[in-house]
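**Student:** Quick note on this note's numbering: the sequence shown kicks off at 14 and runs consecutively.
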Amino acid sequence: MPLDYSKWDALELSDDSDIEVHPNVDKRSFIRAKQNQIHQQRFERKHKIETFKYERIVNDGLLKRINALLAALQSYSPQSDKRPDELAFQALMESTGEDDSPPPPPEGVHTHEKEAPPTYSKMMAALIDQVKTKVDEDKPEPDKRFDAYLAEIKVHRDKVQDLQSQLLKELDTLEKEESKKITSESIHTGFDSSYVSKSDAKAPEPKKAPAKKEKVQAVETDGLLVMAFNTAIQGKDDFARQCVHQALLLQYCRALGKDGVGLFFKRITTQGHQAQKVFFDDVNSTFDRIRTRAKEIEKQRAAEDGEGGGVEQIQLHAVDPGTSINIKIPPVSSEDPAEQQSRAIFDTFPPGLQRALESGSLDEVNKVLGKMSVEEAEEIVGQLSEGGMLSLEEQIIDATTEEGQAALKEFEEHEKQRALAEKYADDPE
């Protein structure tokens, strides 16, 4: 296949040794003069291209403002008999664009001008002065003066458009002339290094983001027990049992510590293991106490409804005989993020509920909850649990009374089951 060297026909060699000159002319001097001539023509051509491009940009901005001036003036056509000079000035103010200054000229363009290029507002003001002078010279009829303004502005617009067309034509000619020859400035590096094809690397497998760990606090157990009590009152026994199950799981894990959690789950998931029996007996007994208390409240409400004065209410009661519900108010100023969040929840409560909580009396809180609707009271109880303002604590039992002895007996039975659970959890077998 023959090689095609036609692309080198456009190569301009200013020091061509094949040039023929007159015998009386020094060939070396002639070639040097030819070089200077070519370089000068190339410089002037580039300078004209940059100048014409810049002038077209400025003229585009001026044309935009002239068209806006015409549009503003034409909107005043119904008022053409009222002071055309003032209307022209008002239209000029409305047609002023945001960018009043034209872009700065490129390096080497308009260097002979010492002052900065005039702003578009000055150009438009000069145009209006020329239009006014021309209209005054023509002296049209008063009712034709407004139309004369419009016609003269259109004449100036046409002049700018003709100038743009001429600049575009000359610019196209210069750019074609510039592209005819290959110069050192038009040469660029195509390849400067070798490349070896390689097989596509295997895309790395996306890594799964590690699961976010959450720290469970003791208040979560109390919140689950409160939720179990509320759902038991609503008759949702399955969900209440699930809440009790999860609450006791947290309680056992907290009591056994991090070293005993794995062994604990291994024991309670082993069929027939004693630890499994102890745990589920604890779940069933706690759930039975919650359900019994819930039924008592249901009967009490039914009796009140039968008397004609009862309404459905949400009340807070401790279901475990050895515990009591204590109220903790978050401090106003604290640097702990958890206490700040709890205080934000407290500030959203009604003033009456805030005063009841600050009193520390569970009865006062129940009075406020009793005046609320069931839905509103349930939401308040959920917020109290979320903010850690309710906590279950052990209660001192007076064993000198019959009620205290019964409570003590029930508490000892409960502790015995807990001891068995810890015993089997610590047993390595």
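C-beta atoms are modelled at their ideal positions from N, C-alpha and C, and glycine is treated no differently.
From a predicted model like this one, the values you see are computed outputs, not experimental measurements.
Who are the near neighbours of Glu190 in its chain, counting only those whose CB is closer than 7 Å to its CB and skipping five residues on each side?
**Tutor:** Along the sequence shown, read from residue 1 onward, the residue named residue 190 stands at position 177. Result list for Glu190: Arg58, in chain order.
**Student:** Roughly how many angstroms lie between the CA atoms of Leu370 and Leu382, to the nearest whole one?
**Tutor:** The residue labelled residue 370 in the question sits at position 357 within the sequence shown. The residue labelled residue 382 in the question sits at position 369 within the sequence shown. The alpha-carbon atoms of Leu370 and Leu382 are separated by roughly 11 Å.
**Student:** Can at least three beta-carbon pairs, one atom from the segment 143-159 and one from the segment 96-105, be found at a separation below 8 Å?
**Tutor:** Enough Cβ pairs lie closer than 8 Å, so yes.
**Student:** Given Arg304, which residues of its chain have a CB within under 6 Å of its CB, disregarding the five upstream and five downstream residues?
**Tutor:** What you label residue 304 is simply residue 291 of the sequence shown in a count that begins at 1. Taken in chain order, the residues that qualify are Ala245.
**Student:** Do the CB positions of Lys341 and Met402 come within less than 8 Å of each other?
**Tutor:** Position 328 of the sequence shown, counted from the start, is the residue given in the question as residue 341. Position 389 of the sequence shown, counted from the start, is the residue given in the question as residue 402. Yes, the Cβ-Cβ distance between Lys341 and Met402 is below 8 Å.
**Student:** Does DSSP put Leu403 in a helix, in a strand, or in coil?
**Tutor:** Position 390 of the sequence shown, counted from the start, is the residue given in the question as residue 403. Of the three classes helix, strand and coil, the one that applies to Leu403 here is strand, per DSSP.
**Student:** Go ahead and pull the three-state DSSP assignment for Ser386.
**Tutor:** As a working mapping, residue 386 is identified with position 373 in the sequence shown. Ser386 falls in the coil class under three-state DSSP.
**Student:** With distances taken from CA atoms, which of Ser178, Leu76 and Pro36 is nearest Leu2?
**Tutor:** The requested residue 2 does not occur in the structure, where the chain is confined to residues 14 to 442.
**Student:** Does any C-beta atom of chain C lie closer than 8 Å to the C-beta of Ala253?
**Tutor:** Of the chains in the structure shown, none is chain C; there is only one protein chain.
**Student:** Starting from the Cα of Asn243, find the closest Cα among Gln328, Pro364, Val345 and Glu389 and give me that residue.
**Tutor:** Translated into the one-based positions of the sequence shown, residue 243 becomes position 230. Taking only the C-alpha atoms, the option nearest Asn243 is Gln328.
**Student:** Here's the rule I'm using: 16 or more other beta-carbon atoms within 10 Å means buried, otherwise exposed. How should Pro15 be labelled?
**Tutor:** Mapped onto the sequence shown, residue 15 falls at position 2. Under this definition Pro15 is an exposed residue.
**Student:** At the level of alpha carbons, what is the spacing between Pro116 and Ser178?
**Tutor:** Position 103 of the sequence shown holds residue 116. Position 165 of the sequence shown holds residue 178. Roughly 21 Å separates the two Cα atoms.
**Student:** His125 by DSSP, collapsed to three states: which one?
**Tutor:** In the sequence shown, the residue the question calls residue 125 occupies position 112. Three-state DSSP puts His125 in coil, outside helix and strand.
**Student:** Going by C-alpha distance, which of Glu165, Thr124, Arg170 and Leu276 is nearest His60?
**Tutor:** The sequence position of residue 60 within the sequence shown is 47, counting from 1. Answer by Cα proximity: Thr124.
**Student:** Measuring straight from C-alpha to C-alpha, what distance separates Gln367 and Asp301?
**Tutor:** The residue labelled residue 367 in the question sits at position 354 within the sequence shown. The residue labelled residue 301 in the question sits at position 288 within the sequence shown. The straight-line gap from Cα to Cα measures roughly 33 Å.
**Student:** Measuring alpha carbon to alpha carbon, tell me which of Asn37, Gly121 and Asn49 ends up nearest Phe65.
**Tutor:** On the sequence shown, position 52 is the one that residue 65 refers to. The shortest Cα separation from Phe65 among Asn37, Gly121 and Asn49 belongs to Gly121.
**Student:** So which of Asn297, Asp251 and Lys249 has the shortest CA-CA distance to Leu261?
**Tutor:** For the purposes of this step, residue 261 is identified with residue 248 of the sequence shown, where counting begins at 1. Per the Cα distances, Asn297.
**Student:** Run the CB neighbour count on Asp185, radius 10 Å, all protein chains shown included, and call it buried at 16 or more, exposed below.
**Tutor:** For the purposes of this step, residue 185 is taken as residue 172 along the sequence shown, with counting starting at 1. Per the 10 Å Cβ criterion, exposed.
**Student:** What number of angstroms, rounded off, separates the C-alpha of Glu68 from the C-alpha of Leu86?
**Tutor:** Along the sequence shown, read from residue 1 onward, the residue named residue 68 stands at position 55. Along the sequence shown, read from residue 1 onward, the residue named residue 86 stands at position 73. Approximately 27 Å, taken between the alpha carbons.
**Student:** Along the chain, where does the alpha helix (DSSP H) that runs through Leu176 open and close?
**Tutor:** For the purposes of this step, residue 176 is taken as residue 163 along the sequence shown, with counting starting at 1. Here the alpha helix (DSSP H) through Leu176 covers Arg158 to Lys193.
**Student:** Flag this pair as touching only if the segment 38-56 and the segment 163-177 have three or more C-beta atom pairs under 8 Å; answer yes or no.
**Tutor:** These segments do not touch.
**Student:** From which residue to which residue does the alpha helix (DSSP H) around Leu261 run?
**Tutor:** As a working mapping, residue 261 is identified with position 248 in the sequence shown. Per DSSP, Leu261 belongs to the alpha helix (DSSP H) from Asp250 to Leu269.
**Student:** Just mark Arg45 as buried or exposed, buried being the case when its beta carbon has 16 or more other beta carbons within 10 Å.
**Tutor:** If you number the sequence shown from 1, residue 45 lands on position 32. Flag for Arg45 reads exposed.
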